[in-house]
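Heads up: the structure comes next, in structure tokens.
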Amino acid sequence: MEEETVILGLDEAGRGPVLGPMVIALVKARESDLEEFNRWGIRDSKRLNKRKRNELYNLIVSRYEVKTIVLEAKDIDEMIKRSNLDNIEIGMFSKLINSVLREEYRIDEEGEISAHYNKRVKIYIDACCSNRRAFSNKIKSRLITYDNNIEIIAEHKADDKYKIVSAASIVAKVTRDRIIDHYKKIYGEIGSGYPSDRVTINYLRNYIKEHGELPEIARKCWKTSQNMLRSVLKNGEISKNESYIQKRLI
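Here it is in structure tokens:
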């Protein structure tokens, strides 16, 4: 009897913020589980309020296998020196997928497959670029195994179309929100971390005025961070000299 198809959904949260991490999430289920996702009312995390997201997050993590990668601001700063954000995201998606393929196909360190190889895996990903074919090919090139039993469905806004990706978007969003809430206990009110958030921008400006440098939770490679440093320096709002500030610009 043929085994039921394994379904993977992947999405991220926190790609654009100037403060805080980016979280990449994977949810693993079976095709029959999608009916349960419909009953729960799973939708793209952006279409749910905080209470509903947390409620669904708790259901998902209690019933299904979930994997996440958290890239802190300092991690992104370091990785961006050698790559770009799209490739970083693709690399993290591939890492999560490979962890499941190792489990499903029982692939050892030498790449040998010990499980029977008629197992089907469908991978749904919210693509970070509009060129779906190029995105899918980059994912395929990074997988530890790939053949006709593995199918990749990568689409822009997949989190709004496929329930399994919606589930991953909820996991990623809630995980990031909880990290931001933890930051607020340490750093005070920092807002959402997005450049469009006035609370975030005010926090960033005031921190630089007081400390003469960017906070640890800021992505120092972001133009928002660099422009804020230059702006505060130009306006003479801190006592630190220019060479001190320039050392903190990437």
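For what it's worth, our numbering labels the leading residue of the sequence shown as -2, then goes sequentially.
Just so it is clear, CB atoms sit at the ideal spot from N, CA and C, and this is done for glycine as well.
Per DSSP, residue 119 forms a beta bridge with which residues?
4, 148
When you compare each of 228, 231, 218, 222 to residue 75 by their alpha carbons, which one comes out closest?
Among 228, 231, 218, 222, the Cα nearest to that of residue 75 is on 218.
For a cutoff of 8 Å on Cβ pairs, would you count residue 173 as touching chain C?
Looking at the structure shown, chain C is missing, and only one protein chain is on hand.
Quick test of your reading: residue 5 and residue 23, contact by CB under 8 Å. State the CB separation rounded to the nearest angstrom.
6 Å
Note down the Cα distance separating residue 135 from residue 221, rounded to an integer number of angstroms.
29 Å
Need the endpoints of the alpha helix (DSSP H) that residue 101 sits in, please.
82 to 102
Sort 186, 231, 155 by Cα distance to residue 41 and report the nearest one.
155
Give the DSSP bridge partners of residue 27, in chain order.
3
Mapping the DSSP letters down to three states, classify residue 238 as helix, strand or coil.
Bear in mind that a pLDDT of 47 at residue 238, under 50, signals an unreliable position, so the number given afterwards is only what the model happens to contain. Three-state result, residue 238: coil.
I'd like to know if the stretch 6 to 20 and the stretch 119 to 134 are in contact, where contact means that at least 3 CB-CB pairs between them fall below 8 Å.
The stretch 6 to 20 makes contact with the stretch 119 to 134, as at least three CB pairs between them are under 8 Å.
For residue 65, write down the residues that DSSP places opposite it in a beta bridge.
Answer is 22, bridged to residue 65.
With 16 as the cutoff for other CB atoms within 10 Å, does residue 0 come out buried or exposed?
exposed
Leaving out five residues before and five after residue 96 in sequence, what residues of the same chain have Cβ atoms less than 7 Å from its Cβ?
64
Segment contact, 8 Å Cβ cut-off, at least three pairs: the stretch 136 to 154 with the stretch 187 to 199:
no
Check whether residue 167 and residue 141 have beta carbons under 8 Å apart
no
Which residues does DSSP list as the beta-bridge partners of residue 9?
Per the DSSP secondary-structure output, residue 9 pairs in a beta bridge with 21.
Count the other CB atoms, across all protein chains shown, that sit within 10 Å of the CB of residue 175; report buried if there are 16 or more and exposed otherwise.
exposed
Which same chain residues, not among the five before or five after residue 129, have their C-beta less than 8 Å away from its C-beta?
These residues qualify, in order along the chain: 151, 152, 153.
From residue 51 to residue 37, what distance separates their C-alpha atoms?
13 Å
Residues near residue 148 in its chain [Cβ-Cβ closer than 6 Å; skip 5 each side]:
Correct list, in chain order: 119.
So, are the CB atoms of residue 82 and residue 173 less than 8 Å apart?
no
DSSP-derived helix/strand/coil call for residue 16:
strand
For the candidate residues 215, 171, 132, 16, whose alpha-carbon lies nearest to that of residue 91?
132
Could you give the DSSP three-state label for residue 124: helix, strand or coil?
coil
Alpha helix (DSSP H) containing residue 224: first to last residue?
220 to 231
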